[in-house]
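Heads up: the sequence shown begins at 37 in our numbering, then just goes up one per residue. Note that the Cβ used here is the ideal one computed from N, Cα and C, for glycine as well. Being a predicted model, the structure only gives us computed values, none of them experimental.
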Amino acid sequence: MTAYRTARKRDAAATRQALVQAAAALFAERGYERTTVREIAARAGVNQALLFRYFGSKQSLFEEVVAGESLRHLRETPPENVLETALRGLLAAGTEEQGQRHRALEIFLRSAVGGTATRTGALLSEEYVDALATLTDAEDAALRADLVLAWLLGIGLTRSVVGKGALAGADPGEVCALVLDCARTMLEKLPEDGAR
């Protein structure tokens, strides 16, 4: 009996993970509104009833995808590298480099356009602002971090969602260098080029 329960737990965990991965890929491609429960389940190779069993709703799965990806990124990345890795992830949207990159912000942006991500966006913003605020000793650290995050999201929206203008086709390395150079005026603890 114990072996049977262990096998079911492993299957449940694998099914949950398959649903999260499928949802992340689809939300990044299409956004929240244009992704259906049926498509997520089909990509995960499971019955859509399992999505509701494990997550309760598409909204809850969305929150898990974005918050989970965001928390993983913040746990695995030193605060001084958070801005650059998030920026590079947004700049790689829709390219061959998108394999293992950080996608929480791209998923959020594609979904926020439809107006579904307010609660998730607040959580995501809070986590990033907390990390970025550690990069300055200024009294207005939270405001500075909020401004940098707003700029980051604006860059992602312009490049990967709208896809228009010079930013859409700009070299990611050049964009990173310009943004990080400017961001150092507000977050003075951001490392200089070559210091990472």
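Per-residue DSSP class, three states only, for residue i
i	result
Ala213	helix
Asn83	coil
Gly135	Model confidence at Gly135 stands at a pLDDT of 45, short of 50, so the residue's coordinates are unreliable and nothing is read from them.
Tyr164	helix
Glu114	Position check: residue 114 holds Pro in this sequence, whereas Glu was assumed. Pro114 falls in the coil class under three-state DSSP.
Arg220	coil
Asp47	helix
Tyr90	helix
Ala174	coil
Gly201	helix
8 Å Cβ cutoff met for residue i and residue j
i	j	result
Val184	Ala128	no
Leu216	Leu119	yes
Ala177	Ala169	yes
Ala54	Val73	no
Gly104	Val165	no
Leu226	Leu171	yes
Ile76	Leu86	no
Tyr68	Phe91	no
Ala58	Arg89	no
Leu203	Glu163	no
Leu193	Leu123	no
Ala174	Arg180	yes
Ser106	Leu160	yes
Expected contact under 8 Å - CB spacing of residue i and residue j to nearest Å
i	j	result
Arg66	Leu126	The pair is not a contact, with the Cβ atoms about 17 Å apart (cut-off 8 Å).
Ile143	Val198	Not a contact, Cβ separation roughly 16 Å.
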